[in-house]
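Notes for the one structure printed next.
2 protein chains.
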Amino acid sequence: MDNRPIGVFDSGLGGLSCVKEIMRIMPNENVVYFGDTGRVPYGSRSQETLMKYVRQDIRFLKTFDIKMIIIACGTASSAVLPWIGDEVNTKIAGVVEPAAKAAAAQSRTKKIGVLGTAATVRYGKYVDEIKNICPEAEVFQKACPMFVPLVENGYANSEVTKTIAREYLEELKDKDIDTLILGCTHYPLLKNEIREIMGEDVLLIDSGMTAADYALKVLKENDIQSDEADGTYKYFVSDSPGDFARLGGIFLEKPILENVEKVDIEKY
Amino acid sequence: MDNRPIGVFDSGLGGLSCVKEIMRIMPNENVVYFGDTGRVPYGSRSQETLMKYVRQDIRFLKTFDIKMIIIACGTASSAVLPWIGDEVNTKIAGVVEPAAKAAAAQSRTKKIGVLGTAATVRYGKYVDEIKNICPEAEVFQKACPMFVPLVENGYANSEVTKTIAREYLEELKDKDIDTLILGCTHYPLLKNEIREIMGEDVLLIDSGMTAADYALKVLKENDIQSDEADGTYKYFVSDSPGDFARLGGIFLEKPILENVEKVDIEKY
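For the protein sequence lines, the chains are A and B, in the order given. With the first letter of the first sequence counted as 1, position 42 gets the number 41 in numbering that gives the first Met the number 0; the numbers rise by one all the way through. With the first letter of the second sequence counted as 1, position 227 gets the number 226 in numbering that gives the first Met the number 0; the numbers rise by one all the way through.
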């Protein structure tokens, strides 16, 4: 047993889709969340910049006595985690491997789509992971650079988002995929639009959710689950806490009642 | 005469619409440009964060021996310049006052529209300036939070942008405005879409362009124009220089042949 918190971070709000799943499947775990809202979006940044940002995010989370880190960000998991995993010196999970495993296991046709940011698609880590598990799989990636700005600006379930989603998804519709990875933790907020375009028969894999499932497995295997009655949640952001609390409630599907604190991330 | 450079900065590419005008109307001036591409967009950030970013941007530009700073960013001009102008200790111009003056002078009906980021509209500085000059003017603001992400991601002249622009501009169409300030220096890249929706009779004021016109006036009045044969241009960014050079050419309507350098802005 280990009651130390899990550290979770993302460029902004997206990682809350992972926190939501943690609340559901391991409600007794304590969580420290950091959303880098002062430097969002990550998906359009260079690797050098991302390396620096992610190292700072991890250094901040490690000021808490955490037992595990979840990089609840498709971009950071693709463009940074493979290069820095060894230096972190704490259990660490990204979103890529768990989502790739879930997709490979659940696809019948082995035709799998991946939606991600520009950086995620450039690094192709979802494709590599799926091919590792299932070499005969056909994987089709599509960069959706506007999805994060749309979600962070509160445009989920809008006509604008539908139009943009239709444009992005058009070429995937012809590929006969039966499984589609939402490879960025912001994208579950656009599930309605994506499902409407892709149809009910395409299975959507929520990468924030599968990362939480994977983290639970790690905690169990290492016998380091929490035995507290109820988990507590701490939220930190690098810009004004107000918007985060307001929009974060939409991600969690329940209001954020805890105090959201601002942290000067450049100091880490 | 004074051959020291003019320092120009913006959150990213937008300020190049001001540089383009500098090249046209004062081709002998030297320019140092900084685009904060590692922290773009500014329009959705809080004032506290913007204060910090803009102070760093200015400190960086002041490491060059500059004679003037142009804040070629509607957000920073609205949310920061009024509070820090006095501490800068160098001639400084934002985009708000020159654009407001141009609009007040050129509008016949005195019904004026202003497009800006969320922060720009929240501070309402264009409205204040126009009302100062012309108290009877009616001013209609509209926040267009998706325009900067669209421009920075290369979506000018796309169907997606047309759809979003139509949504933003709809309510301004009923107001009978004859003049519309593009209150963010990214927006001139969307001139085609905006003109198509608003019609040929609405005069579009390019705030980057009017800021350059104003800067020339200041240089003349203080007798500090450059007497070099041809101005030189130095470009700095806070993320990868590659994308900036590529997309920057579209703003300038000519390729950026100079070396674009990356600077670690958090150190300033």
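Even for Gly, the Cβ is constructed at its ideal location relative to N, Cα and C. In this text, all values refer to a predicted model and were calculated from it rather than measured experimentally.
- The C-beta separation of Tyr-213/A from Pro-97/A comes to about 4 angstroms, placing the pair in contact by the 8 angstroms criterion.
- Out of Ile-249/B, Phe-243/B, Ser-237/B, the CA that lies nearest to the CA of Lys-261/B is found in Ser-237/B.
- Put simply, the CB of Asp-9/A is far from chain B, with every gap to its CB atoms at 9 angstroms or more.
- Annotated as proximal: Leu-251/B and Lys-19/B, with beta-carbon spacing under 9 angstroms.
- Listed in chain order, the non-local C-beta contacts of Leu-215/A below 7 angstroms within the same chain comprise Ile-24, Met-25, local neighbours out to five positions each way being set aside.
- Proximity to Ile-163/B across Tyr-167/A, Val-138/A, Glu-158/A, Gly-11/A peaks at Glu-158/A, based on C-alpha coordinates.
- Counting C-beta atoms within 10 angstroms of its own C-beta, Ala-211/A has 16 or more neighbours from the protein chains shown and is therefore classed as buried.
- Residue pairing for Leu-181/A: DSSP places it in a beta bridge opposite Leu-114/A, Asp-205/A.
- Neighbourhood of Val-159/A in chain B, by CB distance below 9 angstroms: Met-145, Val-159, Thr-162, Ile-163, Glu-166, in chain order.
- Of Glu-199/A, Ile-69/A, Gln-140/A, the smallest CA-CA separation from Asp-9/A is found for Ile-69/A.
- When DSSP states are grouped into helix, strand and coil, Asp-9/B belongs to the strand group.
- Three or more pairs of CB atoms, one per stretch, sit closer than 8 angstroms, so the segment 54-74 of chain B contacts the segment 82-102 of chain B.
- For the pair Glu-169/A and Ile-204/A, the Cα-to-Cα distance works out to about 19 angstroms.
- Per DSSP, Ile-70/B is one residue of the beta strand (DSSP E) stretching across 67-70.
- Between the beta-carbon of Phe-139/B and that of Leu-171/B there is about 6 angstroms, and that keeps the pair under the 8 angstroms contact cut.
- For Lys-100/B, DSSP records no beta bridge to any residue.
- Contact between the segment 45-64 of chain B and the segment 191-203 of chain B is absent: fewer than three C-beta pairs spanning the two stretches fall below 8 angstroms.
- In this structure, Lys-66/A is the residue among Lys-66/A, Pro-40/A, Lys-61/A, Gly-37/A with its C-alpha nearest to the C-alpha of Met-0/A.
- The Cβ atoms of Glu-151/B and Gly-11/B lie closer than 9 angstroms to each other.
- Burial is judged here by how many other beta carbons sit within 10 angstroms of a residue's own beta carbon; Ala-78/B has at least 16 and is buried.
- At least one CB of chain A lies nearer than 9 angstroms to the CB of Tyr-154/B.
- DSSP places Ile-129/B in the uninterrupted alpha helix (DSSP H) bounded by 124-132.
- Between Glu-47/A and Ser-225/A the beta-carbon gap is near 37 angstroms, outside 8 angstroms, which marks them as no contact.
- Counting only the Cα atoms, Gly-153/A lies some 16 angstroms from Pro-144/A.
- When Cβ-Cβ separations below 9 angstroms define contact, Thr-48/A makes contact with chain B.
- Under the 10 Å beta carbon count, Arg-38/B is surrounded by 16 or more other beta carbons and is classified as buried.
- For Ala-214/A, the secondary structure class from DSSP, reduced to helix, strand or coil, is helix.
- Within the DSSP secondary-structure output, Tyr-32/A pairs in a beta bridge with Val-7/A, Tyr-234/A.
- For Lys-141/A, not one C-beta of chain B is nearer than 9 angstroms to its own C-beta.
- The straight-line gap separating the alpha-carbon atoms of Val-259/B and Ile-180/B is approximately 30 angstroms.
- The residue among Leu-49/B, Arg-107/B, Glu-265/B, Trp-82/B with its C-alpha nearest the C-alpha of Ala-117/B is Leu-49/B.
- What Ser-239/A touches in chain B, judged by beta-carbon distance under 8 angstroms, is Arg-44, Ser-45, Glu-47, Thr-48, going in chain order.
- For a cut-off of 8 angstroms, the C-beta gap from Ile-176/A to Gly-112/A is around 4 angstroms, short enough to register as a contact.
- The residue among Phe-63/B, Cys-133/B, Pro-254/B, Pro-40/B with its C-alpha nearest the C-alpha of Lys-110/B is Cys-133/B.
- Beta-bridge annotation (DSSP): Ile-91/B is paired with Ile-68/B.
- Going by DSSP, Glu-170/B is part of the alpha helix (DSSP H) stretching over 158-172.
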